[in-house]
Structures are given as C-alpha cells and as structure tokens.
C-alpha cells in the first residue's frame with residue numbers, strides 16, 4: 033500500500049544530484065517541516081517540533097529539482113511516503129523518505145519564476161523509442177563532456193518560445209537589482 037502525502041517545509045540541505053551506475057538520475061535533500069501554533073497563555077505564535085524528511089526526485093524531475101532549489105527555499109511537495117527502519121553497527125533509526133511526484137516553491141513566502149522546458153520528440157518521430165536512447169543527458173551540464181550529450185541541441189535545456197504570445201522568456205542572469213528596477217506597469221498589483 034502506498035501512502036501519498038503533501039508536505040510544506042524548508043529545504044535544509046543542498047540538493048545532491050547523482051547518476052547511478054544504471055544511468056538513473058536521482059536528486060535528494062532533507063526537508064525540515066515544522067508547525068507553528070498560537071499559545072493562548074502568552075498570546076504569541078510558537079514553533080512546534082520539526083519533522084525531518086529525506087526527499088528523493090528521479091529522472092528529469094531530479095535535474096529540475098537540482099537546478100531550481102536551494103537551501104532555505106520554502107517548498108510544497110506531494111509524493112509517496114516510505115518509512116524504513118535501519119541499523120548500522122550499534123546505531124538504529126527510522127528513515128522517513130518521500131519519493132516526489134510534484135514539487136514547487138511555496139508562493140506564500142516569495143515569488144518564483146518558471147521556465148518551461150521543451151519535451152523530447154515522441155518515439156515515432158525520432159525513429160526509436162526513449163528506451164533506446166541510453167541514459168538521459170544532464171541538462172545542467174555546461175559542457176558536452178557527458179558522452180552522447182550535445183548541450184547546444186539538448187531539447188530539455190531550452191525554454192519554449194513562440195506559439196504562446198503571453199509567455200515571456202526571462203532575461204538571462206537577471207538578478208535582484210534588475211527586478212527592483214522594473215517600472216510600475218510590469219509589477220503585479222497586490
């Protein structure tokens with residue numbers, strides 16, 4: 033039986049992106065999730081206990097997570113919960129892991145900028161199936177040192193352009209100063 037959970041919390045460790053010997057890309061990080069409650073005796077909000085989760089993302093989502101999340105980001109995620117007991121020598125513990133189905137920034141704490149990536153061509157159009165393509169390329173690779181990876185033609189590295197006139201490609205290397213310089217017409221009124 034699979035338990036599906038939705039969690040909110042803070043990215044507590046740097047997302048670590050690794051490739052297994054079979055070519056599967058995996059990104060994992062620790063999520064700290066704590067509840068705040070109102071203490072009527074002192075009339076203040078207090079932090080409750082913190083729950084810690086190991087969050088795992090696989091395949092293309094793993095690359096997107098590694099490229100999008102940083103320590104301290106507030107996130108909302110949905111995934112499959114796994115609870116395992118472990119033993120290592122004298123030590124014992126319980127590992128609580130979540131295999132992510134969906135994840136994103138928690139917009140209650142800030143603004144996020146989304147860039148949609150192009151999808152791969154369907155199997156019929158490219159002449160082969162996705163399984164025949166070998167291990168997936170890493171879109172975060174700046175060079176083409178990964179065998180078979182051509183960073184210039186990687187369909188997952190380029191934002192979608194055209195077609196949808198409401199979509200605007202974000203400026204490359206936009207920093208916080210350039211966001212502050214936007215005129216009032218470009219800002220969202222709230």
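Numbering (the numbering used here), first residue to last: 33 to 222. The C-beta atom is built at its ideal place from N, Cα and C for all residues, glycine as well.
Give me the residue from the options with the minimum Cα distance to residue i.
| i | options | result |
| --- | --- | --- |
| residue 106 | 78, 144, 133, 148 | 144 |
| residue 132 | 148, 59, 71, 66 | 59 |
| residue 48 | 146, 142, 94 | 94 |
| residue 96 | 52, 57, 34 | 57 |
| residue 92 | 46, 35, 135, 78 | 135 |
| residue 51 | 98, 103, 34 | 98 |
| residue 90 | 75, 120, 54, 70 | 54 |
| residue 101 | 120, 123, 138 | 138 |
Spatial neighbours of residue i within its chain, please: C-beta separation below 6 Å, excluding the five flanking residues on both sides.
| i | result |
| --- | --- |
| residue 116 | 127 |
| residue 72 | none |
| residue 44 | 62, 64 |
| residue 219 | Caution applies to residue 219, whose pLDDT of 44 falls short of 50 and renders its modelled position unreliable; the value that the coordinates give is listed next. Counting only Cβ-Cβ distances below 6 Å, and skipping sequence neighbours, we find nothing. |
| residue 83 | 65 |
| residue 41 | 63, 64, 65 |
| residue 120 | none |
Apart from the five residues on each side of it in sequence, which residues of its chain come closer than 7 Å, Cβ to Cβ, to residue i?
| i | result |
| --- | --- |
| residue 30 | The requested residue 30 does not occur in the structure, where the chain is confined to residues 33 to 222. |
| residue 70 | 77 |
| residue 146 | none |
Suppose the cutoff is 8 Å on Cβ atoms and the five residues either side in sequence are ignored; what does the same chain contact list for residue i look like?
| i | result |
| --- | --- |
| residue 192 | With a pLDDT of 46 at residue 192, under the threshold of 50, the modelled position of this residue cannot be trusted; read the value that follows with caution. Only 148, 149, 150, 199 meet the Cβ criterion. |
| residue 141 | 106 |
| residue 130 | 37, 39, 63, 85, 86, 87, 88, 109, 111, 112, 113, 114 |
| residue 68 | 77, 78, 79, 80 |
| residue 74 | none |
| residue 46 | 61, 102, 103 |
| residue 123 | none |
| residue 35 | 112, 113 |
Run through the DSSP bridge pairs and tell me what residue i is partnered with.
| i | result |
| --- | --- |
| residue 137 | 107 |
| residue 123 | 120 |
| residue 84 | 64 |
| residue 39 | 109 |
| residue 45 | In DSSP, residue 45 forms no bridge with anything. |
| residue 77 | 70 |
| residue 89 | 59 |
| residue 130 | 87, 113 |
| residue 50 | 58 |
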